[in-house]
Every structure is written in C-alpha cells, then in structure tokens.
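So in my numbering, spot 227 of the sequence shown is number 281, and the numbers just go up one at a time. Please read the structure below before turning to the comments.
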Amino acid sequence: MDQVSFVHFSVTHENGMTVRGVKFPATGGGRKPAVILSHGFNGCCADLHNRGEAFAKAGIHCFMFDFRGGGLRTTSDGALSEMMTISTECEDLKLVVDYVRSQSDVDTDNLFLMGESQGGLVSTLVAEESPESFRGLILWYPALMIPEASKHRLAMGVRDVFGVRLSPDFDSDAAKIDPWQLMPNYKGKVLIVQGDRDFIVSTGVVEKALRLFPNASIKMIPGAGHGFGGEDFNTAINASVSFVKETVLENR
55 MDQVSFVHFS VTHENGMTVR GVKFPATGGG RKPAVILSHG FNGCCADLHN
105 RGEAFAKAGI HCFMFDFRGG GLRTTSDGAL SEMMTISTEC EDLKLVVDYV
155 RSQSDVDTDN LFLMGESQGG LVSTLVAEES PESFRGLILW YPALMIPEAS
205 KHRLAMGVRD VFGVRLSPDF DSDAAKIDPW QLMPNYKGKV LIVQGDRDFI
255 VSTGVVEKAL RLFPNASIKM IPGAGHGFGG EDFNTAINAS VSFVKETVLE
305 NR
C-alpha cells in the first residue's frame, strides 16, 4: 500500500490539557465523510496509521488521536497511572468530535465513530449519548465488558491490567458505567468486527451487543484473536471501508 500523508492537529480542554492526533485527509476534493478512530487500552494512534491510509484512499477522512493518559506512549497530556478513566476518554472523544465538525472539508452529515477494544467501549458510550450525531459506528473487538472487569478488580483490590498500573479512579469510574442500557437508543448502523479466537472479548459480549443495537451486523474473522494482523487486518479494514461507503450511499 502506498503511503498516504497525514497532518497533525491538537485540541485543548478548558482545564488546559491537550489532546493530540493526526488527520489522514481523503483523496479528492469537496466535503467528505469522516471516521473518528479511538485506540484501545495502552495504545496510541501511531500504531493505527494503516487504518487512516485505507480510509483516506477510499475518499474518507480519518481522524485519530491519543487519549490523555491513554497509553505509555501517548503524545497527549496526562499519565495513564495518574488520571485516565473511561469518563476522561469519553471527554476526549467528544472534544475531538467537535473539532472534526468544525472542519470545512468534512461532511458533517456523515460522521462515523470507530473504536478498537477499550476505544470501542468509549465510542459506544459517546454514540449512545448523542445518537443523532453519528451516521454509523464501527467496533473492532469492543471491550464492552470493562465495567464488569472493574467491579471484579475492586472486589479483589487489584489495580494492574496486563502489567500496567491503572489510575486510582479508573475502576471506580468504570464500575458505574452501563454500556448496555442505552444501546437500543442508537438507531444508526453498527458494524462489529470480531475474531472467533478472541480470549479477551468473548463471543457472548459481542452477541449481546448484536441483540441490543437495533441495526447491527457482524464481520466474524475465523482464527483471529484480539487484534488483527496480516490477512485478518485486510479483511477487517476492507469490511470497515465498505461499511462506511455503503452507509453513506444509502442516505443520499
């Protein structure tokens, strides 16, 4: 795949903390649909550039960013072990959404949220809160079970996940969140991309989301786990690009 250029952007919260990201501009002129991509736990958008390149080549803007304290390699302000929670990530995503809406080359009637793992939970929560704002939702192995995992860690007195220390408020914040209750309110199209050998996000979690979202479909990738590489990645990104293009066409 030929490399696609990107541009940096930053947005600042009222408290002075800055969220930094990159935009992969769509090829061609005029106002284009946009995908806003949220990374997973301890991730960063530098690992996701191949997603942005694929969308841009298909004529779709892709904005991606680092959550504040979202990972050990974050370029945004904040430290994972000090301040990151699901609620702060929702605040970051909403701030970026406002920024994307302000861009003159973005078709604001065709905004899509996309999230991977924990970013899938965050994208779901933001879409549920403002269901009319987004044309569609793309969830790669969405970690919708995080609130239950947080309740378990609180009971056990544990603050580490995958060898990484969580912020003091992470689990108490996540334990109060219910991603399932408002799912029926989001009437837009939802694509879930999942591997059948994902031992972090279970099939049961995904099946529950498929039942509760009114307009959801799934792309199951045989043999894939939590994270897609090689041909699994190609399958996932092709399905995601097609989903955006088809959803936009349906609404014209």
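For every residue, glycine included, the Cβ atom is placed at its ideal position computed from N, Cα and C. It should be emphasised that the depicted structure is a prediction, and the values quoted were computed from it without experimental measurement.
*Just the C-alpha distance for Met118 and Lys241, rounded to the nearest angstrom, thanks.*
Counting from 1 along the sequence shown, the entry for residue 118 is found at position 64. Counting from 1 along the sequence shown, the entry for residue 241 is found at position 187. About 24 Å.
*asked:* Which runs of the alpha helix (DSSP H) at least 4 residues long sit entirely within the segment 196-227? Give them in chain order.
replied: Here the runs fully enclosed are 200-210.
*alpha helix (DSSP H) segment containing Leu313, residue limits*: Given a span of 55 to 306 for the chain in the structure shown, any question on residue 313 remains unanswerable.
*Span separating the alpha-carbon of Leu220 from that of Leu236*: If you number the sequence shown from 1, residue 220 lands on position 166. If you number the sequence shown from 1, residue 236 lands on position 182. So the two alpha carbons sit approximately 27 Å from each other.
*Between which two residues does the beta strand (DSSP E) harbouring Arg74 extend?*
Taking the sequence shown and counting its residues from 1, the one referred to as residue 74 is at position 20. Taken as a continuous stretch (DSSP letters only), the beta strand (DSSP E) holding Arg74 covers Thr72 to Phe78.
_Which of the three DSSP states is assigned to Asn164 in this structure?_
Looking up residue 164 in the sequence shown gives position 110. It is a strand residue.
*asked:* Taking only three categories from DSSP, how would you classify Met55?
replied: For the purposes of this step, residue 55 is taken as the residue at position 1 of the sequence shown. Residue placement at Met55 cannot be trusted, given a pLDDT of 45 that sits under 50; the coordinates are not used to answer.
*Over what stretch of residues does the alpha helix (DSSP H) that includes Val244 continue unbroken?*
By 1-based counting over the sequence shown, the position of residue 244 is 190. No alpha helix (DSSP H) holds Val244; the beta strand (DSSP E) holding it covers Lys243 to Gly249.
*Confirm, please, whether the CB-CB distance from Val298 to Pro87 is below 8 Å.*
Indexing the sequence shown from 1 puts residue 87 at position 33. Indexing the sequence shown from 1 puts residue 298 at position 244. In this structure, Val298 lies closer than 8 Å to Pro87 by Cβ.
*Go ahead and pull the three-state DSSP assignment for Val176.*
On the sequence shown, residue 176 is found 122 positions in, with the first residue counted as 1. Correct three-state label for Val176: helix.
*May I ask you to verify whether the segment 102-109 touches the segment 287-296, counting CB pairs closer than 8 Å and requiring at least 3?*
yes
*C-alpha gap between Gly281 and Tyr195, whole angstroms*: Within the sequence shown, residue 281 is the residue found at index 227, counting from 1. Within the sequence shown, residue 195 is the residue found at index 141, counting from 1. Approximately 8 Å, taken between the alpha carbons.
_Reference Gly217, options Asp120, Glu186 and Leu126, closest by Cα_ = Locating residue 217 in the sequence shown gives position 163, where the first residue counts as 1. Comparing Cα positions, the closest option is Leu126.
*Can you pull the DSSP bridge partners for Val259?*
Locating residue 259 in the sequence shown gives position 205, where the first residue counts as 1. Val259 pairs with nothing; no bridge assigned.
*What does a CB cutoff of less than 7 Å around Asn239 pick up in its chain, not counting 5 residues either side in sequence?*
On the sequence shown, position 185 is the one that residue 239 refers to. Cβ neighbours of Asn239 beyond the five flanking positions: Glu182 and Pro185.
*Measure the CB-CB distance between Arg155 and Met71 and report whether it falls below 8 Å.*
Here residue 155 refers to the residue found at position 101 when the sequence shown is read from its first residue. Here residue 71 refers to the residue found at position 17 when the sequence shown is read from its first residue. Cβ atoms of Arg155 and Met71: not closer than 8 Å.
*Which residues mark the beginning and the end of the alpha helix (DSSP H) in which Phe287 is found?*
Start at 1 with the first residue of the sequence shown, and residue 287 comes out as number 233. Looking at the DSSP string, the run of the alpha helix (DSSP H) that includes Phe287 is Gly284 to Glu304.
*asked:* To the nearest angstrom, how far is the alpha carbon of Met55 from that of Ser294?
replied: Here residue 55 refers to the residue found at position 1 when the sequence shown is read from its first residue. Here residue 294 refers to the residue found at position 240 when the sequence shown is read from its first residue. Low local confidence applies: a pLDDT of 45 at Met55 is under 50, so the model's placement there is unreliable, with the coordinate-based value given in what follows. Whole-angstrom Cα-Cα distance: 17 Å.
*Can you grab the Cα-Cα spacing for the pair Ala112 / Gly82, in whole Å?*
In the sequence shown, counting from the first residue as 1, residue 112 sits at position 58. In the sequence shown, counting from the first residue as 1, residue 82 sits at position 28. In a straight line, the C-alpha of Ala112 is about 9 Å away from that of Gly82.
*Roughly how many angstroms lie between the CA atoms of Gly335 and Ile192, to the nearest whole one?*
Only positions 55 to 306 of the chain appear in the structure, and residue 335 is not among them; the question remains open.
_Helix, strand or coil at Ile140 [DSSP, three-state]_ = Translated into the one-based positions of the sequence shown, residue 140 becomes position 86. Correct three-state label for Ile140: helix.
*Which term fits Met274, buried or exposed, when burial requires 16 or more other beta carbons within 10 angstroms of its beta carbon?*
What you label residue 274 is simply residue 220 of the sequence shown in a count that begins at 1. So Met274 ends up on the exposed side.
*Pair within 8 Å by beta-carbon distance, Asp152 and Arg85*: Residue numbering aside, residue 152 sits at position 98 when the sequence shown is read from its first letter. Residue numbering aside, residue 85 sits at position 31 when the sequence shown is read from its first letter. No, the pair does not count as a contact, with Cβ atoms beyond the cut-off.
*Note down, one range per segment and in chain order, each beta strand (DSSP E) of at least 3 residues found wholly within the segment 91-143.*
115-119
*With 16 other CB atoms within 10 Å as the buried threshold, where does Asn292 fall?*
In the sequence shown, residue 292 corresponds to position 238, counting from 1. Counting Cβ neighbours within 10 Å, Asn292 comes out exposed, since fewer than 16 surround it.
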